[in-house]
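Heads up: take any position in the sequence shown, counting from 1, add 55, and you land on the numbering used here.
See structure below.
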Amino acid sequence: MPNLLAHNVNVLGSVTTSSLSAWRGCMVVEKCVQPELPIILYDMEACPFCRRVREAFTALHLDVDIRPCPKGGQRFRAEAAEIGGKQQFPLLVDKNTDTVMYESSDIVAYLFREYAGRSVPKFYRGKPWQPAVGSVASAVSALRGLRARVSSQPV
Ligand SMILES: N[C@@H](CCC(=O)N[C@@H](CS)C(=O)NCC(=O)O)C(=O)O
56 MPNLLAHNVN VLGSVTTSSL SAWRGCMVVE KCVQPELPII LYDMEACPFC RRVREAFTAL
116 HLDVDIRPCP KGGQRFRAEA AEIGGKQQFP LLVDKNTDTV MYESSDIVAY LFREYAGRSV
176 PKFYRGKPWQ PAVGSVASAV SALRGLRARV SSQPV
């Protein structure tokens, strides 16, 4: 029973998070041809800027290799800093075009330009209030994915 309650609270939190994000990333806007090499995104789950980029990937129906970089994470953080020069997320690496890029707005614009040949649709353009609302959205999801937690490796 406690598990069922926890599950329902999680679902409610998730629905609230999606509602605060205006349900962006639910629908495909443009179906692109997949690039030859997978695009890599160094990402923090609870970061509102990273969320914008993930929404764009979904809207473009683009495959992406997401490399989680939570605070305290030891798996990909050093790799990201080595490639980009600092630990800031999102960080996009696209070997198809030799692109290494920070800044969520630049990344979203790049993805739509490079893979859909168009500007960013109005719905996916950055709004001044998005970081604040996005932070609330992450808080509603209990900031899951912000910090690394001990896990066991799959066998
Ligand atoms: N202006 C940047 C802001 C990115 C940003 O502030 N990211 C934060 C996470 S929300 C970050 O990388 N913090 C460093 C860290 O957590 O180690 C963008 O739009 O991409």
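We put the beta carbon where it would ideally sit given N, CA and C, even for glycine.
As the structure is a computational prediction, the values presented were derived from the model and not from experiment.
Please indicate yes or no: does the CB of residue 159 lie closer than 6 Å to some heavy atom of ligand 1?
yes
Would you report the Cα separation of residue 59 and residue 182, rounded to the nearest angstrom?
37 Å
Which value, in whole angstroms, describes the spacing of the CA atoms of residue 98 and residue 138?
14 Å
Could you check the C-alpha separation between residue 82 and residue 91 for me, to the nearest Å?
23 Å
Among the residues of its own chain, which have a CB less than 8 Å from the CB of residue 122, if the five just before and after it don't count?
95, 96, 97, 98, 130, 131, 134 and 135
Say yes only if the C-beta of residue 208 is nearer than 6 Å to one or more non-hydrogen atoms of ligand 1, and no if none qualify.
no
Cβ of residue 103 within 7 Å of Cβ of residue 189?
yes
Could you spell out where the beta strand (DSSP E) holding residue 122 opens and where it closes?
119 to 123
Proximity to residue 127 [Cα-Cα], best of 203, 208 and 210
203
With respect to the alpha helix (DSSP H) encompassing residue 161, which residues constitute its N-terminal and C-terminal limits?
159 to 171
So, helix, strand or coil for residue 154, using DSSP?
strand
On a CA-only basis, which of 76, 154 and 208 is nearest residue 111? Give me that one, please.
76
Can the beta-carbon of residue 157 be found less than 7 Å from the beta-carbon of residue 143?
yes
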